[in-house]
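Note sheet for the following structure.
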Amino acid sequence: MDKSCKKRKISEEHRMFNDTWTYSFAFTTDKTGLPVCLICGEKLANNKKSNVARHFQNKHGAFAEKYPDGDERKKAVLELMQKADLKIDLSKNHFKKMNSATSTTYASFVAAQEIVRHGKPFTDGDYIKESFIKISEHLFSDFENKSEIVQKIRDMPLSAKTVKDRTVEMAENITRQQIKDINSAVAYSIACNASKEQIALFCRYVNSAGPQEEMIELIPLKGQTQGEDIYEAVLDYLKTNEINTTHLVSVATDGAPIMTGPQDSFVALLQKSLGRTLLTFHCILHQEALCAQTFPPECAEVMNVVIQIVNKIMAQGSNRHQFHFLLEEVKSTSSDLLLHNKVQWLSRGEVLKRFAACLEEVKIYLGTRGLTFPELQWPEWLERLHFMVDMTAHLNTLNTTLQGKGGTALHMLEELLAFEHKLAVFAKDLERGTLSHFPSLREFKQAHDVTDLEHLQSAITAMQTSFGKRFCELREEKNTLSFPVAPLTIDPSLLNMTAFAGVSQPDLEMELADIADKDMWVSKFQRLTANLENVARQKAVLAQNDKWTDIERLPKPEKLIFDTWNAIPVTYANMKKYAFGVLSIFGSTYICEQVFSNINYIKNKYRSRLTGNSLQSCVKMKLTSYRPDVQTLCAEIENQKSH
């Protein structure tokens, strides 16, 4: 072969975009003629059919499955094209032809979004505008169009009413996006947590971007709160907003009797109305907290005494400042005590740890104030204190691994099962007296020559019993929860099929048989296992070094699982539906509890009248990962003005 003959570059082949790709692969072209995906907006480097097809199959398999080739696909693509055209028009209007009224309207939406995202009151709009005007007088002093810039800022509507209206409009826009994604998902799950005034309703589902966990609504409650009231409120919301209950897979609750009782509870009534059995789970974190409360009375009394002392020192400002000065004088390694948070039982662990760390300083300070707590001199009491420091630290470590958004139910179950094994190790450690896993107690033992540790073992035994009795729903569904990670190693007859409407067990069995010897697809699950193992190793190393920010940057296991299944072809439709359904399951209502924490922050003593739609909109805007379509909202406002 002639070495002077160069290989032709794709860019030199002058490939043209084929119009048939639009309906086949949901692609259009940009100004330069290069292909752009209508679903995700990604632009490809050249007009090569194999690249276009690969992008569509690997990244948008769910779209291909939902809209098969033909009229359904064509209709869906046309909708995408119309939406893309609207965005292009609005973008041109925004960056090139935007008149003064539209630009100030857009700016008011941006400002309102930042105000509510930070939990600030609507009235901050006026303050921001006034500050912006004063800053601009100096910031743009050498600009020829300074007066025009400042005038635009003055024209920007940011009154409290406007900020409120913008917030509600953006929240409603996001709700429409959420409902559309939920209804297009092959499966979804809900998590509910009820207070006296409202129900926090969350949905977890898989869309084209991957697994999503979103607050859908704060549903108001009136009068008494019974299982029937919660059921009627939730079902009414689902029907009013036309959310398809056929694809509902599971329900997670806080485990209260009105939520999970056998007859007139929320879950029982919901399953009865749907005519099928759902997967139902009692929040893992609630159950773990209940297990943590199994400490015997003498250990619980230690906590009570510590709380009394801490409250006496920290509750009054003068006491707190004097104690802080004492710590500085004795060069203590602890900067202060922590007030106990009654809401979260496991917050006691941090209180105990800090208290034990500055115990000698506490004794000195109490002596100067004439306060007497004889327990601080009792060896038995101090021994239990240091034991509690170590055990609550272990529980807090478990709690941290279970918290947060986006964890899979399988991960949570595995962490719990691992902790049960650790409890057995802790018991042996106490029995031997080595105290390898009780650093605080070990230090106390060495300093005070303690030999009798047998009475502490009852606390671990009680905790082992409590853990063993709980988490039954998750234990029973271990095979089902493992399916997305290891589908080829599980006997399909052991899978729970009743909750997965639209999944045929015979077809699922045939698909599993078919894929078992297809190396191309089997290798994807092998790579998934390797990737999950790698992330777990990195996480463990970073955790040992307290690099929590770096842990947040690691790939999310649920995203790795989704990407693997998204690349599996529609030939295995039942497998994919089942995997995405399992991936949608909540293991915890922790995210619901975050809502109530945010409500307390947003609805503070200065905003006590904030209720109803305004409160719901503020909470949604603060928690959602969605972004409002501000350009469309601006266009709607301008259209209203023109009529």
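If you use my numbering, the sequence shown corresponds to residues -11 to 631, in order. The C-beta atom is built at its ideal place from N, Cα and C for all residues, glycine as well.
In its chain, beyond the 5 residues on either side, 256 have a beta carbon closer than 7 Å to the beta carbon of residue 250. Residue 223 is positioned such that its CB atom lies no closer than 9 Å to that of residue 205.
Secondary structure note for residue 460: its alpha helix (DSSP H) is the uninterrupted segment 460 to 464.
Counting every other CB atom within 10 Å of its CB across the protein chains shown gives residue 472 a total of 16 or more, marking it as buried. Scanning 520, 516, 486, 477 for the CA closest to the CA of residue 500 turns up 477.
When only Cα atoms are considered, residue 186 and residue 586 end up about 14 Å apart. Three or more pairs of CB atoms, one per stretch, sit closer than 8 Å, so the segment 149 to 163 contacts the segment 609 to 627. Around the C-beta of residue 553, 16 or more other C-beta atoms lie within 10 Å, and the residue is accordingly described as buried. Under the three-state reduction of DSSP, residue 268 is assigned to strand.
Within the same chain, Cβ atoms closer than 6 Å to the Cβ of residue 598 are found at 591, the five residues on either side in sequence being excluded.
Looking at the DSSP output, residue 367 bridges to nothing.
Between residue 367 and residue 443, the CB-CB gap reaches or exceeds 9 Å.
For residue 34, the number of other beta carbons within 10 angstroms of its own is below 16, and it is reported as exposed.
Exposure of residue 525 is indicated by the presence of fewer than 16 other C-beta atoms within 10 angstroms of its C-beta. Residue 38: member of the alpha helix (DSSP H) spanning 37 to 47, first to last residue. Residue 386 is classed as buried because its beta carbon has at least 16 other beta carbons within 10 Å across all chains shown.
In this structure residue 569 is in contact with residue 175, their Cβ atoms being roughly 3 Å apart against a cut-off of 8 Å.
Residue 572 sits in coil when the DSSP states are folded into three classes, being neither helix nor strand. Within the same chain, 144 come within 6 Å of residue 95 by CB-CB distance, once the 5 residues on both sides are set aside. Taking 4 residues as the shortest admissible run, the segment 418 to 442 contains the following complete alpha helix (DSSP H) segments, listed from N- to C-terminal end: 427 to 436. Distances from the alpha-carbon of residue 42 to those of 18, 13, 66, 70 put 13 closest.
Around the beta carbon of residue 409, a 10 Å sphere encloses fewer than 16 other beta carbons of the protein chains shown; the residue is thus reported as exposed. If the five residues before and after residue 22 are omitted, its C-beta is found closer than 8 Å to the C-beta atoms of 5, 31, 32, 33, 34, 35, all from its own chain and listed in chain order. The C-beta distance from residue 124 to residue 141 rounds to 6 Å, short enough to fall under 8 Å. By the Cβ criterion, the segment 336 to 350 is in contact with the segment 292 to 300, since at least three pairs of Cβ atoms, one from each stretch, lie closer than 8 Å. Residue 536 is classed as exposed because its beta carbon has fewer than 16 other beta carbons within 10 Å across all chains shown. With contacts defined as CB atoms closer than 9 Å, residue 196 and residue 28 qualify as a contacting pair.
Contact check between the segment 370 to 380 and the segment 418 to 435: three or more CB pairs, one atom from each, fall below 8 Å, which counts as touching. Closest option to residue 567, judged by alpha-carbon separation, among 549, 229, 601, 617: 549. Separation of residue 415 and residue 101 (C-alpha to C-alpha, rounded to the nearest whole angstrom) is 52 Å. Setting aside the 5 residues that flank it on each side, residue 411 is surrounded in the same chain by 448, 451, 452, 455, each with a C-beta closer than 8 Å to its C-beta; the list follows chain order.
Distances from the CA of residue 72 to each of 112, 109, 106, 10 were compared; the closest alpha carbon is that of 10. Linking residue 402 to residue 220 through their CA atoms gives a straight-line distance of about 35 Å. Residue environment analysis places residue 423 among the buried positions, since at least 16 neighbouring C-beta atoms fall within 10 angstroms of its C-beta. The criterion of a C-beta distance shorter than 9 Å is not satisfied by residue 405 and residue 469. By the criterion of at least three beta-carbon pairs nearer than 8 Å, the segment 260 to 271 is in contact with the segment 232 to 244.
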